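**Student:** Count along the sequence shown starting at 1, add 151, and that's the number in this note's numbering.
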Amino acid sequence: MDEEFMKAALEEAQKAYDAGEVPVGAVLVFQNQIIARAYNQVESLQDATAHAEMLCLKQAAQERGNWRLIECTLYSTLEPCLMCAGAVILSRVKTLVWGASDFRHGGGGSLTDAFSGHPIHQVEIRQGILQEEASNLLKRFFRERRECKMSLMN
152 MDEEFMKAAL EEAQKAYDAG EVPVGAVLVF QNQIIARAYN QVESLQDATA
202 HAEMLCLKQA AQERGNWRLI ECTLYSTLEP CLMCAGAVIL SRVKTLVWGA
252 SDFRHGGGGS LTDAFSGHPI HQVEIRQGIL QEEASNLLKR FFRERRECKM
302 SLMN
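Shown next, in the form of structure tokens:
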């Protein structure tokens, strides 16, 4: 099941890529049904908090009429940053699943660990699901950005 839902998150990440956004996508699942989906929209919304995970959590809370997303699983193509990790905890998400690790901003242990021993809520973590696909999309995006920047400098 994890791979199926991560593929849906990768579809969202592709939308971000197509829009010129950092290609991260997320879906939130309750009782084996996707109840929310989102992708990064930081640039289009000019909002530093418009990460895929944040938008997905907000959409799910509105859909359910409750900010407590108990018994839900969040799938993200990239390890959440510290801000998103905090939102996952505060939203009471039961399980977090991510694809690629984020060694620059990761809040799930790659840079800092927001989840271990948290006094409010313990989140079950699964990582590395479709990691290669998620990593490759991010690498392609940043490689193309660098190439574009280099061509402008010539």
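Glycine included, every Cβ here is placed at the ideal spot set by N, Cα and C. It should be emphasised that the depicted structure is a prediction, and the values quoted were computed from it without experimental measurement.
1. Kindly identify the DSSP beta-bridge partner or partners of Thr-228.
2. Report yes or no: do the region 166-176 and the region 186-204 share at least 3 C-beta pairs separated by less than 8 angstroms?
3. With a CB to CB cut of under 6 angstroms and the five nearest residues on each side skipped, what residues in its chain are close to Thr-246?
4. What residues in its chain sit with their C-beta under 7 angstroms from that of Ser-286, if we drop five residues either side in the sequence?
5. Skipping 5 residues on each side, what residues in its chain have a beta carbon closer than 8 angstroms to that of Arg-255?
6. Figure out for me which residue from Met-234, Ile-240, Gln-210 has the closest Cα to the Cα of Ile-221.
7. Suppose you measure from the CA of Glu-155 to the CA of Asn-183; what does that come to, to the nearest Å?
8. On the three-state DSSP scale, how would you describe Gln-182?
9. Hey, could you find the ends of the alpha helix (DSSP H) Leu-281 is sitting in?
10. Out of Leu-161, Asp-153, Met-152, Glu-298, state which residue places its alpha-carbon closest to the alpha-carbon of Leu-92.
11. Quick check on the DSSP output: what are the complete beta strand (DSSP E) runs of length 3 or more inside the region 255-299, in order along the chain?
**Tutor:** In short:
1. Per DSSP, none; premise fails for Thr-228.
2. Touching, yes.
3. Cβ neighbours of Thr-246 beyond the five flanking positions: Thr-224, Glu-275.
4. Excluding residues within five positions, the ones whose Cβ falls inside 7 angstroms are Ala-251.
5. Counting only Cβ-Cβ distances below 8 angstroms, and skipping sequence neighbours, we find Leu-262.
6. Put simply, of Met-234, Ile-240, Gln-210 the residue whose alpha carbon is nearest the alpha carbon of Ile-221 is Ile-240.
7. About 10 angstroms.
8. If DSSP states are grouped into helix, strand and coil, Gln-182 belongs with coil.
9. In the DSSP assignment, Leu-281 falls outside any alpha helix (DSSP H) and carries neither an H nor an E.
10. Outside the shown range of the chain (152 to 305) lies residue 92, about which nothing can therefore be said.
11. Within the region 255-299, the beta strand (DSSP E) runs of at least 3 residues that lie entirely inside it are, in chain order, 275-278.
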